[in-house]
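K.L.:
Chains A and B, in that order, give the protein sequences.
Counted from 1, the first sequence has number 48 at position 48 by the numbering used here; the numbering is strictly sequential.
Counted from 1, the second sequence has number 187 at position 187 by the numbering used here; the numbering is strictly sequential.
All C-beta atoms, glycine included, are put in the ideal place defined by N, C-alpha and C.
Protein chains: 2
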Amino acid sequence: MKILITGGAGFIGSHLCDSLLELNHNIVVVDNLILGKLENINHLIGTNRFRFIEEDLLNLDKLKEIFKENSFEMVYHLAANSDIQKGGKDPEVDYNLTFKTTFNVLQCMKEFNVKKLFFASTSAIYGETSELLTENFGPLNPVSNYGAGKLASEAFISAFSATYNIQTWITRFPNVVGERFTHGVIYDFIHKLKSNPLELTVLGNGEQNKPYLYVKDLIEGILFVYNNSHEQFNVYNLGSYTRTKVKEIAQMVIDEMGLNATINYTGGDRGWVGDVPEFKYDLTKINRLGWEAKTNSNDSVRIAIQKALGE
Amino acid sequence: MKILITGGAGFIGSHLCDSLLELNHNIVVVDNLILGKLENINHLIGTNRFRFIEEDLLNLDKLKEIFKENSFEMVYHLAANSDIQKGGKDPEVDYNLTFKTTFNVLQCMKEFNVKKLFFASTSAIYGETSELLTENFGPLNPVSNYGAGKLASEAFISAFSATYNIQTWITRFPNVVGERFTHGVIYDFIHKLKSNPLELTVLGNGEQNKPYLYVKDLIEGILFVYNNSHEQFNVYNLGSYTRTKVKEIAQMVIDEMGLNATINYTGGDRGWVGDVPEFKYDLTKINRLGWEAKTNSNDSVRIAIQKALGE
Chain A
1 MKILITGGAG FIGSHLCDSL LELNHNIVVV DNLILGKLEN INHLIGTNRF RFIEEDLLNL
61 DKLKEIFKEN SFEMVYHLAA NSDIQKGGKD PEVDYNLTFK TTFNVLQCMK EFNVKKLFFA
121 STSAIYGETS ELLTENFGPL NPVSNYGAGK LASEAFISAF SATYNIQTWI TRFPNVVGER
181 FTHGVIYDFI HKLKSNPLEL TVLGNGEQNK PYLYVKDLIE GILFVYNNSH EQFNVYNLGS
241 YTRTKVKEIA QMVIDEMGLN ATINYTGGDR GWVGDVPEFK YDLTKINRLG WEAKTNSNDS
301 VRIAIQKALG E
Chain B
1 MKILITGGAG FIGSHLCDSL LELNHNIVVV DNLILGKLEN INHLIGTNRF RFIEEDLLNL
61 DKLKEIFKEN SFEMVYHLAA NSDIQKGGKD PEVDYNLTFK TTFNVLQCMK EFNVKKLFFA
121 STSAIYGETS ELLTENFGPL NPVSNYGAGK LASEAFISAF SATYNIQTWI TRFPNVVGER
181 FTHGVIYDFI HKLKSNPLEL TVLGNGEQNK PYLYVKDLIE GILFVYNNSH EQFNVYNLGS
241 YTRTKVKEIA QMVIDEMGLN ATINYTGGDR GWVGDVPEFK YDLTKINRLG WEAKTNSNDS
301 VRIAIQKALG E
């Protein structure tokens, strides 16, 4: 299949490129390299069935040219802002990078008659709730602009799917960790400890408790959903029932770095405005489809730390 | 209170102006007069405590000037596309008029520190389902770009409310009818019968069955919610349990016009792509708050027909 992967030079997108190339698809990556990095896809550039185009999805005219030149059969739309705190400071970030990119992709799919879409969504659309989150959970009251940008994207995807007959697969990610990540709690802790190996300041009280999913499990889950769910509009939570507390992550990073740092907590139940201190996915739907994550949350975190440290 | 009403020259907005002026508020209306009409507010122009500014909310610089000049205490944001079929033909319509207007209003509220927002939402965010629709219903899978634009708006409103501390009242309207309406099934039937009094063609099989709410009841409901619900984020379905079938509306229009037209149905369970053939609100929440519509669905339809015919 000829596939467009938006954000294909990013953390998750580049792993998806690897897997879809292994499955013999033809891949075109469009990425503006603001968050994505050439080093994530350098090993693919120049190989058969892979093409990289440095372009911004916000440039609709250029995007239309790309759709016109290539007869895509499917789009995996992963391009988005992924820094929730940054979006909290400036709503334009998620408006443009998380939502407007989606709308532009949808407009091109409509115009150039592309009938299959995968969309990378997130637990952040559910907002802050201690309830078990099924795919049918409501109300959807996101507390971050990032979550809003993803929910707004899902809204227009739903309407386009129904109105213009686009078959759609949406998976809602938890925290994803592993090779090539560019931010997040593990990344932050490593950087803080590199500049001060004696002391680690943790935002919040360390009790935030969330599932972390290893990126290679996530990619496997995405492809499993695509291959096994055949409705017009398919939505799945991806994750595991296991969770890891921020204070456990802090200790794991310190251990893996061979340090003996003291941990200071800034206090409060969350790291920043828009942070959701804990959430729990109901994974009945994806488990019934026949998939579960191979790696539990703690192991995912540890693998990610080790990979980041180059072990 | 000094209040901005966006879309205040429109069908519903102009009725809201009337009611809020009666309550002695200071009103500024911003409307681009694309859907709104001067004749809806002509009786208010020149009166105390009312100012009309013809401007497009998509012009963010101008909107910021208006916020800067006026120290608004609250915004009633009603500006939106209201023609669902038009939005189905061109997704830019709902992207710009229904969603981008909301985002611009939110950005101005954040910048100019306005802490109270009312938003006019819709049953269309729920998508197509025969289930009883509570405010917490999920999943939210809109089937029209109009519904998507409203859900995308709610998503960013939720995030702005949580992140920048904006107290919010959202009411989700059913079909609203009455004086000053500019489109919709009653409007269409009257115009069709004026051009051909012998025959009325009805899109679909006429069995579409929905609640119609009289605009004056709606305005009363909006103000009731604002006055009686005091959470940070307040969401209510507004409507009545009574419903009216499209074929009943057709007959009422023919009767009120004193005609003896035959009705032809184009067939199919819906009028157009994106139409939702029936929905049922659960009104427990608004009823418990102490409000219910004075006028039932059939009477609302009949009043609207009579007003449209100038009776």
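For Ser19/A, which of Phe50/A, Leu38/A, Ile157/A, Pro142/A has the nearest alpha-carbon?
P.N.:
Cα-wise, what sits closest to Ser19/A is Phe50/A.
K.L.:
What residues of chain B sit near Thr284/A, judged by a beta carbon separation below 8 Å?
P.N.:
Correct list: empty, because the minimum Cβ distance to chain B is about 15 Å.
K.L.:
Any beta-carbon of chain A closer than 8 Å to the one on Gly138/B?
P.N.:
Taking Cβ atoms only, chain A reaches closer than 8 Å to Gly138/B, which makes this a yes.
K.L.:
Going along the chain, which residues of the stretch 158 to 176 of chain B sit with their C-beta nearer than 8 Å to a C-beta in chain A?
P.N.:
Those would be Ser158, Ala159, Phe160, Ala162, Thr163, in chain order.
K.L.:
Report buried or exposed for Ser123/B, applying the criterion of at least 16 other Cβ atoms within 10 angstroms of its Cβ.
P.N.:
It counts as buried.
K.L.:
State the Cα-Cα distance for the pair Glu55/B and Asn196/A, rounded to the nearest angstrom.
P.N.:
Distance between the alpha carbons of Glu55/B and Asn196/A: 54 Å.
K.L.:
CA-CA distance, Phe181/A and Asn70/A?
P.N.:
Each residue's Cα considered, the two are about 29 Å apart.
K.L.:
Between the stretch 132 to 142 of chain B and the stretch 138 to 152 of chain A, can you find at least three pairs of beta-carbon atoms closer than 8 Å?
P.N.:
Short answer: they touch.
K.L.:
Kindly indicate which residue of Lys100/A, Arg243/A, Thr201/A has the alpha-carbon position closest to the one of Ser297/A.
P.N.:
Taking only the C-alpha atoms, the option nearest Ser297/A is Arg243/A.
K.L.:
Report the CB separation of Leu63/A from Cys108/A in whole angstroms; it is logged as a contact under 8 Å.
P.N.:
About 5 Å; that satisfies the 8 Å criterion.
K.L.:
For Lys86/A versus Val93/A, is the C-beta spacing smaller than 8 Å?
P.N.:
Result yes, Cβ atoms of Lys86/A and Val93/A sit closer than 8 Å.
K.L.:
Return no unless some Cβ of chain B is closer than 8 Å to the Cβ of Gln208/A.
P.N.:
So, not an interface residue.
K.L.:
When the cut-off is 8 Å and only beta carbons count, does Glu220/B lie next to chain A?
P.N.:
Output row for Glu220/B: interface = no.
K.L.:
Is Phe118/A helix, strand or coil by DSSP?
P.N.:
Here Phe118/A sits in strand by DSSP.
K.L.:
Under three-state DSSP, which class holds Arg288/A?
P.N.:
DSSP places Arg288/A in helix when its eight states are reduced to three.
K.L.:
Does the Cβ of Asn81/B have 16 or more other Cβ atoms within 10 Å, making it buried, or fewer, making it exposed?
P.N.:
So Asn81/B ends up on the buried side.
K.L.:
Between which two residues does the alpha helix (DSSP H) containing Gln85/B stretch?
P.N.:
Here the alpha helix (DSSP H) through Gln85/B covers 84 to 89.
K.L.:
Closer than 8 Å, CB to CB, is Val273/A near chain B or not?
P.N.:
Chain B contact via Cβ: present.
K.L.:
Return the bridge partner residues of Arg51/A from the DSSP annotation.
P.N.:
The partner list for Arg51/A (beta bridge, DSSP) reads Val28/A.
K.L.:
Of all the CB atoms in chain A, is at least one closer than 8 Å to the CB of Val202/B?
P.N.:
Cβ-Cβ to chain A under 8 Å: no for Val202/B.
K.L.:
Do three or more CB pairs link the stretch 287 to 295 of chain B to the stretch 142 to 149 of chain B at distances below 8 Å?
P.N.:
No, the stretch 287 to 295 of chain B does not touch the stretch 142 to 149 of chain B.
K.L.:
Can you tell which of Gly239/A, Phe72/A, Ile305/A has the C-alpha that lies nearest to the C-alpha of Arg172/A?
P.N.:
Nearest option by C-alpha distance: Gly239/A.
K.L.:
Less than 8 Å between CB atoms is the rule here; does Tyr95/B satisfy it with respect to chain A?
P.N.:
Yes, Tyr95/B counts as interfacial toward chain A.
K.L.:
Going by C-alpha distance, which of Val114/B, Phe112/B, Thr98/B, Arg288/B is nearest Ile125/B?
P.N.:
Of Val114/B, Phe112/B, Thr98/B, Arg288/B, the residue nearest in Cα terms is Thr98/B.
K.L.:
Could you spell out where the alpha helix (DSSP H) holding Ile254/A opens and where it closes?
P.N.:
Element bounds for Ile254/A: 246 to 256.
K.L.:
Using CA coordinates, which residue listed in Cys17/B, Ile249/B, Asp275/B is at the minimum distance from Ile45/B?
P.N.:
Of the listed residues, the one whose Cα sits closest to Ile45/B is Cys17/B.
K.L.:
Jot down the residue ranges of each uninterrupted alpha helix (DSSP H) in the stretch 95 to 149 of chain A, minimum 4 residues, whole runs only, in chain order.
P.N.:
Listed in chain order, they are 101 to 111.
K.L.:
Roughly how many angstroms lie between the CA atoms of Asp275/B and Ala9/B, to the nearest whole one?
P.N.:
Near 26 Å, if we compare the C-alpha coordinates of Ala9/B and Asp275/B.
K.L.:
Can you find a C-beta in chain B that's less than 8 Å from the C-beta of Leu151/A?
P.N.:
It does: the Cβ of Leu151/A has a partner Cβ on chain B nearer than 8 Å.
K.L.:
So, using beta-carbon positions, are Asn234/B and Thr168/B closer together than 8 Å?
P.N.:
Contact flag set, yes.
K.L.:
Report yes if the C-beta distance between Gly267/B and Asn205/B is below 8 Å; otherwise report no.
P.N.:
Yes, they are a contact pair.
K.L.:
Please decide whether Val276/B counts as near chain A, where near means a Cβ-Cβ distance under 8 Å.
P.N.:
Taking Cβ atoms only, chain A never reaches closer than 8 Å to Val276/B, which makes this a no.
K.L.:
So with Cβ pairs under 8 Å, would you call Phe103/B a contact of chain E?
P.N.:
As a matter of chain content, chain E is missing from the structure shown, whose protein chains are A and B.
K.L.:
Can you round the beta-carbon distance between Phe67/B and Phe112/B to whole angstroms, since I take them to be within the 8 Å contact cut?
P.N.:
Indeed they touch by this definition, with Cβ atoms about 4 Å apart.
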